[in-house]
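A.B. asks: Under my numbering, the first residue of the sequence shown is numbered 3, with each subsequent residue one higher. Just dropping this structure here.
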Amino acid sequence: MTLIDTHSVDPEEDGMLVPNSDFPVEGPQPMEVATADTASTVDGPPVDDPPSARFSWTIENFSRLNVKKLYSEVFHVGGYKWRILIFPKGNNVDHLSMYLDVADSPSLPYGWSRYAQFSLAVLNQAHNKFTVRKDTQHQFNARESDWGFTSFMPLSELYDPSRGYLMDDTVIVEADVAVRRVVDYWSHDSKKETGCVGLKNQGATCYMNSLLQTLYHIPYFRKAVYHMPTTENDNPSGSIPLALQSLFYKLQYSDTSVATKELTKSFGWDTYDSFMQHDVQELNRVLCEKLEDKMKGTVVEGTIQQLFEGHHMNYIECINVDYRSTRKESFYDLQLDVKGCRDVYASFDKYVEVERLEGDNKYHAEKYGLQDARKGVLFIDFPPVLQLQLKRFEYDFARDTMVKINDRYEFPLQLDLDRENGKYLSPDADRSVRNLYTLHSVLVHSGGVHGGHYYAYIRPTLSDQWFKFDDERVTKEDLKRALEEQYGGEEEVFVQFLLSFKLSAYALFSCIIAIIHSLFLQQLPHANPGFNNSPFKFTKYSNAYMLVYIRESDKEKIVCNVDEKDIAEHLRVRLKKEQDEKEQKRKEKSEAHLYTIIKVARDEDLGEQIGNEIYFDLVDHDKVRSFRIQKQMAFTQFKEEVAKELGIPVQFQRYWLWAKRQNHTYRPNRPLTPQEEIQSVGQLKDVSTKTNNAELKLYLEVEVGLDLLPCPPPEKTKDNILLFFKLYDPLKEEIRYVGRLFVEGSGKPLEILTKLNELAGFSPDEEIELFEEIKFEPNVMCEPIDRKQTFRGSQLEDGDIICIQKPLRSQTSEQYRFPDVPSFLEYVHNRQVVRFRSLDKPKEDDFSLELSKQNNYDEVVESLARHLGLDDPSKIRLTSHNCYSQQPKPQPIKYRGVDRLTEMLVHYNQTSDILYYEVLDIPLPELQCLKTLKVAFYNAAKDEVTIHTIRLPKQSTVGDVLNHLKTKVELSHPEAELRLLEVFYHKIYKIFPPTERIENINDQYWTLRAEEIPEEEKNLGPHDRLIHVYHFTKDATQNQAHVQNFGEPFFLVIHEGETLTEVKARIQKKLQVPNEEFSKWKFAFLSLGRPDYLQDSDIVSSRFQRRDVYGAWEQYLGLEHSDNAPKRSYATNQNRQTFEKPVRIYN
């Protein structure tokens, strides 16, 4: 047996764990698959077919792939065939989409399933530590034969060669797959097994589901939500209280998992928000704040504070003088450090740790000046429900990125915050309150810094029984799983892996001995050198992220009884009705095979719909009368049902079957025969359609006599043809249904003109024109009918449509937009109402224009220019709409870059009706030949910044930009030299060489700053240093100081042997800071974000050993002071489309 264990990975799961077809789309997706110029390695044949392995796939010519989806070669793991599936341009999103696929799923036997834990990765070929890797697990089956990440990584990052993922037009993809014992997921009944039900995941809402389950299982909170005032007229989708009440009611009384769409709609979220994963801590704060606001003025006002609010005291106490400053603050949750702390108690110790303010960091006390002091935090009181947010994420200054802390961190079942004589409590705390807490719930995050999966361990009644709430699935769990296994740290996975196979004790022992023997002798099998032979210890990426404790003394109050009397009557009625309707639908679905839906269209339906809701064909079958009939019922009995419902005697009913023609029209085809009418409904349905659709569509022909009462239908012979007639009015631009007639196939239209005039309401001798409506997809076909030719000769048959209109004189026809039926139908088929939005206000509709789908680029912008009153349409630039993000696409439409309006409105396989526009100051064709840069000119003498938009030919250089800028700004003297800097988050990252071409400069993310080069920098001595100088302040939130840069960074020349005192004098003069303010400033040497404070006598140049300024932004002289300057009018340019946004509840 060859055992190769899963290597240590850094999963960064984004919660969108879906099969590739799960993303909401309309219509069929292109299924084109091609084999790219790729190289795949499994590095050796799967001799022992290991249960865990790595597969590497090298994809060459990646940017030139012109396919929607691409499969890797097949590889074997655990006795199964697998392959990777990618969407190089995204699966209807602006991200790379990547999935693991069961390669032979079509040929597997019915009911197959297999369970695997796996990670997918795109390697960073420049810096391996920046490889994007995401992991998940899934039970594959016929319904979900592929699983993975629709939003794996932004395409903008993948296709940017400077990021290191695409090098030499090659991308390397990896899959680590571990096949595990199959878990029977689908047959699990959460309600039956646990008494609880789960919440459905909308795409990436696992973080919300875990929080909602936690809040729901705090009974006092649930009771308060039930008592929030709502009315029977409220709409759950527009009322957060009602939506939350509805959700909680269903969690309490439903037998199956509960949907959350009503609640997210009440938040004001759209589909895109549901596929955007957020932080559970952030959602907790936002939701509680929103509920606190909604509860004001009601019987439950103050509930949030009563449950979750505690208070602590920030103090500063002078050591040598009698001075003490205190400030009381409230909190709803506490953020505890994980890094460097072994458990919750260590975090609390760190939280109240005393900081000494001395030396250069003395405290300025009123009346006493600078004093040595102690600074810290103590708690005045703790809340009944204590929410502890564990700081699993922090900023890594060395990597310049956020990282997840997966260190082992323990938390107790009982938490005593009165320990050691109340060391955490302030002198003002009420010592009579016993702060002993019991663990209620553990929220777990599985994954990495860019996302992951959330679930929760909860014990609702604080009994010994724990439950795991993982979206729809609820399971019973033991104490070890809820506590110890969520501590994080490392685990020895190979023993756990072997245990999962339920081996005998002897076999298990033999395997372990064999592995240890191989390790010691360095003889691990090498039959598959491409698979990863990694260490058997690996970091656990699933660990506790949020803890909820309930105070023992408040347990009876918090864990209270909640029953139906706590639920408003109107809410019980509403939800009972919803449950009944749901049960009825479920019953209908389960009995659907016993029934047929018969949809009956009549002349009344044609008259109501044609010209109002439809223009082509005859009827929308979804809007006609439908009957749910048992398949075994005789059709004659169904006719009696119709007679009762519609008042049409059975003998006067004649039914026609509809047929879909080859030209995609849908018309009555033939009447039912007497033999068919004595059959059962089910048999008749099988005759009418070969599809599995459980519908039978019929046209009910009812003949009406002179007294307007039903009468027997005329005899239908082989030569008779049933025709339907529409009337078009070119003046009103209207078309409507006027009736039907039986005609003789050998007859001619000339012979029925009088009848047609009667149907149209014209005089008997009115001259009319006739057109046959033949088809409308993909193009309209409507042709004149020769009135002298027979109906058979014109190839007319049952169900055909003839359109009537009065002829127009040639001299008057020009007065009409659509003078005849074909032109009108063409117009209707192609008309498109477009909602235009200004790009500056992308959420607001500005106006709407009716255009044609066939309009070319010039026609669209000309129509827009006419509406805006612009003389030059070429100054308009358009941007298409992203149907999934509900935002403008990142890139605008190029001048004449598309042929038709339809192309402007299509986003993948979805069609929008929104376009964004901007009015440019120069024509778009001219602009596209230029490179536009926004440059911030910093005038040091006036301490002001002005923004300049510079357009130059793309082949221009930085020197050209600076020369152009000189003509637009005020210089200190005519010979002044300028330089161009790249500034990001108040740091200087680059000085552009004058010869660098501007074509490749990106100002979307960085600020470009131009400034004069000071004279002292032009004549550096051999021992002088040019250093970076940045302003910074320390954010001391939760006693964890973080350096935050602000203001304008600059360069400074320092001389050999120069002390800090001398440097400070030059800086004060340069920045013109008043003495009183400057005396409060501190100076530090910072390397990788860590300040080392300098003394006035320190030699500054000794800290800076590098002469060059390139890449030196992480070593700088820091000026620490408060940020009192007014905010600049400009900020770092942002991409037009952001992929991450803070969680918001809008309603």
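For glycine and all other residues, C-beta sits at the position ideal for the given N, C-alpha and C. Everything numeric in this text was worked out from a predicted model, so none of it was measured.
Which word fits Cys-562, buried or exposed, when buried means at least 16 other C-beta atoms lie within 10 angstroms of its C-beta?
C.D. replies: exposed
A.B. asks: Could you tell me whether the Cβ atoms of Gln-247 and Val-260 are closer together than 7 Å?
C.D. replies: no
A.B. asks: If we count Cβ pairs, one from each stretch, closer than 8 Å, do we get three or more for the stretch 86-93 versus the stretch 65-78?
C.D. replies: yes
A.B. asks: Would Ser-147 and Ser-107 be called neighbours here (beta carbons separated by less than 7 Å)?
C.D. replies: yes
A.B. asks: At the level of alpha carbons, what is the spacing between Ile-1003 and Arg-953?
C.D. replies: 13 Å
A.B. asks: Going straight from the alpha carbon of Pro-13 to that of Gln-337, what length do you get?
C.D. replies: At Pro-13, the pLDDT of 33 sits below 50, so the modelled position is not reliable; the number obtained from the coordinates is stated separately. C-alpha separation (whole angstroms): 24 Å.
A.B. asks: Buried or exposed for Gly-1178, going by 16 or more other Cβ atoms inside 10 Å?
C.D. replies: It is not possible to answer for residue 1178, since the shown part of the chain is limited to 3 through 1149.
A.B. asks: Mind checking which residues open and close the alpha helix (DSSP H) that includes Ser-876?
C.D. replies: No alpha helix (DSSP H) contains Ser-876, which DSSP labels as neither H nor E.
A.B. asks: As a quick exercise: from Gly-197, Leu-293 and Leu-265, pick the residue whose alpha carbon is nearest that of Thr-258.
C.D. replies: Gly-197
A.B. asks: Between Thr-477 and the rest of its own chain, which residues show a CB-CB distance below 6 Å, the 5 nearest in sequence each way excluded?
C.D. replies: Lys-470
A.B. asks: Tell me the start and end of each unbroken beta strand (DSSP E) in the stretch 1030-1083 that is at least 3 residues and wholly inside, in chain order.
C.D. replies: 1044-1056
A.B. asks: Measuring alpha carbon to alpha carbon, tell me which residue in Val-971, Thr-1035 and Glu-1001 is nearest His-988.
C.D. replies: Among Val-971, Thr-1035 and Glu-1001, the Cα nearest to that of His-988 belongs to Thr-1035.
A.B. asks: Report the three-state DSSP secondary structure of Gln-791 (helix, strand or coil).
C.D. replies: coil
A.B. asks: Using a Cβ-Cβ cutoff of less than 8 Å, which residues in the same chain neighbour Ala-245 once the five nearest sequence positions on both sides are dropped?
C.D. replies: Pro-238, Ser-239, Glu-264, Leu-265, Lys-267 and Ser-268
A.B. asks: Which one of Lys-699, Leu-415 and Glu-284 has the shortest CA to CA distance from Gln-460?
C.D. replies: Before going further, note that residue 460 is Ile rather than Gln in the sequence given. Taking Ile-460 as reference, the option from Lys-699, Leu-415 and Glu-284 with the minimal CA-CA separation is Leu-415.
A.B. asks: Between Met-230, Leu-1010, Pro-53 and Leu-929, which has its C-alpha nearest Lys-936's C-alpha?
C.D. replies: With distances taken between CA atoms, Lys-936 lies nearest to Leu-1010 out of Met-230, Leu-1010, Pro-53 and Leu-929.
A.B. asks: Taking its Cβ as the centre, do 16 or more other Cβ atoms sit within 10 Å of Ser-592, making it buried, or is it exposed?
C.D. replies: exposed
A.B. asks: Sort Asp-418, Pro-1076, Thr-1063 and Lys-1084 by Cα distance to Ile-1101 and report the nearest one.
C.D. replies: Thr-1063
A.B. asks: Tell me whether Ser-865 sits in a helix, a strand or coil according to DSSP, three-state version.
C.D. replies: Helix, per DSSP.
A.B. asks: Would you give the residue range spanned by the beta strand (DSSP E) that Gln-119 belongs to?
C.D. replies: 115-124
A.B. asks: Once the 5 residues before and after Glu-34 are set aside, which same chain residues still bring their CB inside 8 Å of it?
C.D. replies: Confidence at Glu-34 is low in this model, with a pLDDT of 30, below 50, so its placement is unreliable and the value that follows should be read with caution. Cβ neighbours of Glu-34 beyond the five flanking positions: Val-69, Lys-70 and Lys-71.
A.B. asks: Going along the chain, which residues of its own chain have a beta-carbon closer than 6 Å to the beta-carbon of Leu-359, five neighbours each way excluded?
C.D. replies: Here the set comprises Tyr-365, Ala-375 and Lys-377.
A.B. asks: With distances taken Cα to Cα, identify the nearest neighbour of Asp-556 among Pro-715, His-1123 and Gln-308.
C.D. replies: Its Cα nearest to that of Asp-556, the residue Gln-308 stands out among Pro-715, His-1123 and Gln-308.
A.B. asks: Tell me whether the beta-carbon of Gln-856 lies closer than 7 Å to the beta-carbon of Arg-902.
C.D. replies: yes
A.B. asks: Roughly how many angstroms separate the alpha carbons of Lys-425 and Ala-348, rounded to a whole number?
C.D. replies: 12 Å
A.B. asks: Given a threshold of 16 other Cβ atoms within 10 Å of its Cβ, counted over all protein chains shown, does Thr-951 qualify as buried or as exposed?
C.D. replies: exposed
A.B. asks: Let me know the secondary structure DSSP gives Ala-36 once reduced to three states.
C.D. replies: Model confidence at Ala-36 stands at a pLDDT of 33, short of 50, so the residue's coordinates are unreliable and nothing is read from them.
A.B. asks: So what's Phe-986 in DSSP terms, helix, strand or just coil?
C.D. replies: strand
A.B. asks: Is the stretch 844-858 touching the stretch 819-827, taking contact as three or more C-beta pairs under 8 Å?
C.D. replies: no
A.B. asks: Can you tell me the Cα-Cα spacing of Glu-585 and Ile-787, whole angstroms?
C.D. replies: 54 Å
A.B. asks: In whole angstroms, what is the alpha-carbon distance linking Glu-678 and Gly-609?
C.D. replies: Approximately 29 Å, taken between the alpha carbons.
A.B. asks: How close, in whole Å, do the beta carbons of Val-179 and Val-79 come, if the pair is a contact with beta carbons under 8 Å?
C.D. replies: Contact flag correct, Cβ pair sits at about 5 Å.
A.B. asks: Please go through the same chain and pick out, in chain order, the residues whose beta-carbon is closer than 7 Å to the beta-carbon of Ala-144, but skip the five residues on each side of it.
C.D. replies: Ser-107 and Trp-114
A.B. asks: Which residues in the same chain as Asp-800 place their Cβ atom closer than 7 Å to its Cβ, once the five residues preceding and following it in sequence are excluded?
C.D. replies: Pro-670, Asn-671, Arg-672, Ile-723 and Leu-724
A.B. asks: Taking its Cβ as the centre, do 16 or more other Cβ atoms sit within 10 Å of Gln-655, making it buried, or is it exposed?
C.D. replies: Buried.
A.B. asks: Starting from Ile-631 and walking both ways along the beta strand (DSSP E), at which residues does that stretch end?
C.D. replies: 627-632
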